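Enquirer: Quick note, in my numbering, the sequence shown goes up one by one and the last residue is 210.
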Amino acid sequence: MTITIEILNRDDLDILKNIDPDVFDDAIDLLRAIEFLADPRHHLVVAIDNNLVIGFVSAVHYVHPDKPVPELWINEIGVAATHHRQGIGKRLMNAVFEIGWELGCAGAWVLTDRDNTAAMSLYTSVSNSAPTDHVMFSFDLISN
Numbered sequence: 067m068t069i070t071i072e073i074l075n076r077d078d079l080d081i082l083k084n085i086d087p088d089v090f091d092d093a094i095d096l097l098r099a100i101e102f103l104a105d106p107r108h109h110l111v112v113a114i115d116n117n118l119v120i121g122f123v124s125a126v127h128y129v130h131p132d133k134p135v136p137e138l139w140i141n142e143i144g145v146a147a148t149h150h151r152q153g154i155g156k157r158l159m160n161a162v163f164e165i166g167w168e169l170g171c172a173g174a175w176v177l178t179d180r181d182n183t184a185a186m187s188l189y190t191s192v193s194n195s196a197p198t199d200h201v202m203f204s205f206d207l208i209s210n
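What follows is the structure, given as structure tokens:
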């Protein structure tokens, strides 16, 4: 069994029709997937096993008015439970780092909870720095 890592683009929508249900938080919304893949600042890398998506990482590269080069924000990573502890997360992270490097990004960053042991282990294994203590606030922008 060979697991391949693919960087998706707007022509790869069909790949997102065969996903292990344990990979993403929710079902793929076709219109959002089209919008995501059409945006050149959005990046989606998937791991495929026998035509089934068993892992992904999504990221956004962005510029800021006071920064000389872009940065890469890693939004989310997921790997099906059936494929945990096989190095797939590390392969996905390295693939998205390659995208950032090709785009001239100064660095990449991601947030996670300290008690998310799988994420902490993965990020520690691919990082060249120690985790820091940041505080994240979320703001609900949808009013009922």
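In this text, a Cβ means the ideal position worked out from N, Cα and C, and glycines have one as well. As the structure is a computational prediction, the values presented were derived from the model and not from experiment.
Return helix, strand or coil for Thr190, following the three-state DSSP convention.
Expert: Helix.
Enquirer: Closer than 8 Å by C-beta to Asn84: which residues in its own chain qualify, once you throw out the five before and the five after it? Chain order, please.
Expert: Excluding positions up to five away in sequence, the list reads Asn117, Leu118 and Val119.
Enquirer: Does the separation of the CB atoms of Ile154 and Ala113 fall below 8 Å?
Expert: Cβ atoms of Ile154 and Ala113: closer than 8 Å.
Enquirer: Are there any heavy atoms of the ligand ATP lying less than 7 Å away from the beta-carbon of His149, as far as the coordinates show?
Expert: As presented, the structure is devoid of all ligands, the ligand ATP included, so that no description of it is given.
Enquirer: Going by alpha carbons, who is nearest to His127 out of Val201, Leu188, Asn194 and Gly166?
Expert: Among Val201, Leu188, Asn194 and Gly166, the Cα nearest to that of His127 belongs to Gly166.
Enquirer: How big is the Cα-Cα spacing for His200 and Trp175?
Expert: Distance between the alpha carbons of His200 and Trp175 is about 12 Å.
Enquirer: By Cβ distance, which residues of its chain are closer than 6 Å to Val135, with the 5 residues on each side in sequence left out?
Expert: Excluding positions up to five away in sequence, the list reads Gly170 and Ala172.
Enquirer: Apart from the five residues on each side of it in sequence, which residues of its chain come closer than 6 Å, Cβ to Cβ, to Phe102?
Expert: For Phe102, where only same-chain residues beyond five positions count, the Cβ hits under 6 Å are His108.
Enquirer: Could you tell me the distance, in whole angstroms, from the CA atom of Ile69 to the CA atom of Thr190?
Expert: Taking the straight line from one Cα to the other gives about 23 Å.
Enquirer: Whose C-beta lies closer than 8 Å to the C-beta of Ile140 among residues of the same chain, with five residues either side of it excluded?
Expert: Excluding sequence neighbours, Ile140 sits near Val123, Ser124, Ala125, Met159, Val162, Ala174, Trp175 and Val176.
Enquirer: Just to confirm the assignment, what range does the alpha helix (DSSP H) spanning Ile212 have?
Expert: This structure leaves residue 212 out entirely; the chain is present only between 67 and 210.
Enquirer: Nearest CA to the CA of His149: which residue from Ser204, Thr178, Asp77 and Pro87?
Expert: It is Pro87.
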